[in-house]
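Chemist: Just so it is clear: in the sequence shown, position 56 is 55 by numbering that gives the first Met the number 0, and no numbers are missing. The structure that follows is given in the form of structure tokens.
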Amino acid sequence: MTTRAFIGLGSNLDEPAEQLRSALQALDQVSGSRLAAASALYTSESLLPGQPRYTNAVAALDTSLEPLALLDALQAIENDQGRVRMERWGPRTLDLDILLFGNQVIDVPRLQVPHYHMHARPFVLYPLAELVPADFLLADGRALAQLLQNCPFVGLERL
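Here you go:
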């Protein structure tokens with residue numbers, strides 16, 4: 000049985016657009032998984048001052064992995080692409096987050112799904128909206144359309 004997971008991708012170091020393209024290829028190679036779709040790339044200012052601009056996207060991944068096994072696979076891709084965890088929310092070559100995992104709500108120490116900050120991040124919501132129907136509901140019952148209304152397309156540039 001496969002589950003549709005949505006993965007947030009972000010980078011602001013070492014040619015971010017190329018980092019995301021490489022990550023999309025790597026996602027398609029994850030055991031028991033298949034890359035079903037990917038959004039356009041978007042750029043925006045960092046949430047923290049003084050950091051380079053971020054490039055972001057969202058991927059739809061059909062996977063037979065359990066959520067924590069998928070998280071492990073994503074972290075291995077991050078490491079393979081040079082991710083160094085020196086400071087929380089610091090600059091990074093690659094950040095891969097499980098935004099949604101089927102219709103599951105997950106709250107364990109290593110993973111919260113739906114992703115705990117996605118409702119306030121236009122660089123997540125607008126790419127996600129490219130991949131789902133207009134009436135899409137998150138597993139916790141929130142409507143994506145409402146989240147988009149509350150999180151305007153400000154500061155984003157679609158590449």
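We treat Cβ as the ideally placed atom computed from N, Cα and C, and that holds for glycine. Quick caveat, the model's predicted, so the values are computed rather than measured.
(1) From Met117 to Leu98, what distance separates their C-alpha atoms?
(2) How is the beta strand (DSSP E) around Ala56 delimited, first residue to last?
(3) Helix, strand or coil for Arg20? Go by DSSP, reduced to three states.
(4) Could you name the residues of the same chain whose beta carbon sits closer than 7 angstroms to that of Ala128, not counting the 5 residues immediately before and after it, in chain order?
(5) Pull up the DSSP beta-bridge partners for Thr92, would you.
(6) DSSP three-state call for Gln145: helix, strand or coil?
(7) Which first and last residues belong to the beta strand (DSSP E) in which Gln111 is found?
(8) Rounded C-beta distance between Ala163 and Asn102? I'm assuming under 8 angstroms.
(9) Smallest Cα separation from Tyr41: which of Leu64, Val131, Arg20?
(10) Under the DSSP definition of a beta bridge, which residues are partnered with Leu136?
(11) Below 7 angstroms between beta carbons: does that hold for His114 and Asp96?
(12) Excluding the 5 residues preceding and the 5 following Pro51 in the sequence, name in chain order all residues of the same chain whose CB lies nearer than 6 angstroms to its CB.
(13) Name the two residues that bound the continuous beta strand (DSSP E) containing Asp71.
Modeler: Let's see:
(1) If you take the alpha carbons of Met117 and Leu98, they lie about 7 angstroms apart.
(2) Run containing Ala56: 53-62, per the beta strand (DSSP E) assignment.
(3) When secondary structure is reduced to three states using DSSP, Arg20 falls in the helix class.
(4) Counting only Cβ-Cβ distances below 7 angstroms, and skipping sequence neighbours, we find Leu143, Leu147.
(5) BP columns for Thr92 are empty, so no partner.
(6) It is helical.
(7) From DSSP, the beta strand (DSSP E) with Gln111 extends over 110-112.
(8) The question about residue 163 has no answer, for the chain in this structure spans 0 to 158.
(9) Among Leu64, Val131, Arg20, the Cα nearest to that of Tyr41 belongs to Arg20.
(10) Paired residues: Ala142.
(11) Cβ atoms of His114 and Asp96: closer than 7 angstroms.
(12) Answer for Pro51: Asn11, listed in chain order.
(13) From DSSP, Asp71 is part of no beta strand (DSSP E) but of the alpha helix (DSSP H) over 66-79.
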